[in-house]
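Peer 1:
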Amino acid sequence: MKKMMILVAFCAVAAGACKKSVSGQTSQWTHNLKELDEAVTQYPALKNLLTAKATEAKAIYAEAEKIGDEEQKAEKIAAAIAKLKENLGIVLEIKYKLQGIDSTVEKITKVKTSKDRANRATAEIKAIRAEQDSIEKAMSALKPATGEELNAQGKELVSKLISLGGRADRALKLVKGK
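Per the working numbering, residue 960 is the first one in the sequence shown, and the count goes up by one each step.
Right under this line is the structure:
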């Protein structure tokens, strides 16, 4: 019985901690606006699509600022973030997958290994980097007319990045000898 009470208390505390707060949502909003600015700078062809959703999201955020109730305000800010991410989300997913591949390749270069494995790893790194550059160029060349097109084309690139990430992981295992 005592264990059950502790479990119930723990679940209640955990559920309360998961509630959205205004400060947490505002922090996420600010971070996503920064990400938006970076994406627009990096991919100028996507500027119109990204800023169109940003304008809609900013209107929702402005409504949220007028709300007095903290819980409702946090929910409204969350809705603004969701609207912002309708087009930005796929761009961020691609960005983070590219960063993950960079991180894995960096780990590969730091592993001390036999000359044979190092040579194979070097060749694999070159191939991974070439494919990564190809994907980055494809991302820069995207000129979707709608958010749906952006998400569809972005998902194709994400699929390629997932594959490339697996290839980088296998290269890391090769170098480590696992």
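Idealized CB from N, CA, C, for every residue including glycine.
#1: Quick check on DSSP: helix, strand or coil for lysine 1002?
#2: Could you check how far apart the C-beta atoms of isoleucine 1087 and leucine 1051 are, in whole angstroms? I think they sit under 8 Å.
#3: How would you label methionine 963, buried or exposed, when you count the other beta carbons within 10 angstroms and need 16 or more for buried?
#4: Roughly how far, in whole angstroms, is the beta-carbon of glutamate 1015 from the beta-carbon of lysine 1032, given that I think they are within contact range, below 8 Å?
#5: My assumption, with CB atoms under 8 Å, is that leucine 1114 sits in contact with isoleucine 1049. Please give the rounded CB distance.
#6: Please report whether the beta-carbon of threonine 1010 lies at a distance below 8 Å from any beta-carbon of chain C.
#7: Between glycine 1136 and arginine 1079, how many whole angstroms is the CB-CB distance? I'm expecting something under 8 Å.
#8: Expressed to the nearest angstrom, what Euclidean distance is found between the alpha-carbon atoms of glutamate 1045 and lysine 1074?
#9: Check whether the Cβ atoms of tyrosine 1002 and serine 1099 lie closer than 8 Å to each other.
#10: Rank Thr1072, Glu1095, Lys1066 by C-alpha distance to the C-alpha of alanine 998 and give the top, closest one.
#11: Going by other Cβ atoms of all chains shown within 10 Å of its Cβ, with 16 needed for buried, is tyrosine 1020 buried or exposed?
#12: Kindly list the residues whose CB is nearer than 8 Å to the CB of leucine 1005, restricted to its own chain and excluding five residues on each side of it in sequence; keep chain order.
#13: With DSSP collapsed to three states, give me the class of leucine 1101.
#14: May I ask which residues mark the beginning and end of the alpha helix (DSSP H) holding valine 1134?
#15: Ignore the nearest five residues each way along the sequence and tell me which others in glutamate 1030's own chain have a CB closer than 7 Å to its CB.
#16: Less than 8 Å between the C-beta atoms of glutamine 1091 and alanine 1037, yes or no?
#17: Would alanine 1013 pass as a contact of alanine 1023 if the rule is Cβ separation under 8 Å?
Peer 2: With the given structure in hand:
#1: Locating residue 1002 in the sequence shown gives position 43, counting from the first residue. Note on residue identity: the sequence assigns tyrosine, not lysine, to residue 1002. Tyrosine 1002 falls in the coil class under three-state DSSP.
#2: As a working note, residue 1087 is residue 128 in the sequence shown. As a working note, residue 1051 is residue 92 in the sequence shown. With a Cβ gap of about 21 Å, isoleucine 1087 and leucine 1051 do not count as contacting.
#3: As a first step, residue 963 must be located in the sequence shown, where it is residue number 4. The predicted model places methionine 963 with a pLDDT of 49, which falls under 50 and marks its position as unreliable, so this point remains unresolved.
#4: For the purposes of this step, residue 1015 is taken as residue 56 along the sequence shown, with counting starting at 1. For the purposes of this step, residue 1032 is taken as residue 73 along the sequence shown, with counting starting at 1. At roughly 18 Å, the Cβ-Cβ gap does not stay under 8 Å, so glutamate 1015 and lysine 1032 are not in contact.
#5: Here the question's residue 1114 lines up with position 155 in the sequence shown. Here the question's residue 1049 lines up with position 90 in the sequence shown. Reading off the sequence shown, one finds lysine at residue 1114, where the question assumed leucine. The pair is a contact, with the Cβ atoms about 7 Å apart (cut-off 8 Å).
#6: Looking at the structure shown, chain C is missing, and only one protein chain is on hand.
#7: Stepping through the sequence shown from its first residue, residue 1136 is reached at position 177. Stepping through the sequence shown from its first residue, residue 1079 is reached at position 120. So it is not a contact: roughly 12 Å between Cβ atoms.
#8: The sequence position of residue 1045 within the sequence shown is 86, counting from 1. The sequence position of residue 1074 within the sequence shown is 115, counting from 1. Their backbone Cα atoms lie some 47 Å apart in a straight line.
#9: Translated into the one-based positions of the sequence shown, residue 1002 becomes position 43. Translated into the one-based positions of the sequence shown, residue 1099 becomes position 140. Yes, Cβ-Cβ distance for tyrosine 1002 and serine 1099 is below 8 Å.
#10: As a working note, residue 998 is residue 39 in the sequence shown. For alanine 998, the nearest C-alpha among the options comes from Glu1095.
#11: Here residue 1020 is taken as the residue at index 61 of the sequence shown, counted from 1. Buried, since its Cβ has 16 or more Cβ neighbours within 10 Å.
#12: Indexing the sequence shown from 1 puts residue 1005 at position 46. Ala998, Val999, Asn1046, Val1050, Leu1101, Pro1103, Leu1109.
#13: Numbered from its first residue, the sequence shown carries residue 1101 at position 142. Coil, per DSSP.
#14: Numbered from its first residue, the sequence shown carries residue 1134 at position 175. Run containing valine 1134: 1106 to 1135, per the alpha helix (DSSP H) assignment.
#15: As a first step, residue 1030 must be located in the sequence shown, where it is residue number 71. Excluding residues within five positions, none has a Cβ falling inside 7 Å.
#16: Along the sequence shown, read from residue 1 onward, the residue named residue 1091 stands at position 132. Along the sequence shown, read from residue 1 onward, the residue named residue 1037 stands at position 78. It is not a contact, given that the beta carbons lie outside the stated cut-off.
#17: Residue 1013 sits at position 54 when you count from the first residue of the sequence shown. Residue 1023 sits at position 64 when you count from the first residue of the sequence shown. Not a contact, by the Cβ cut-off of 8 Å.
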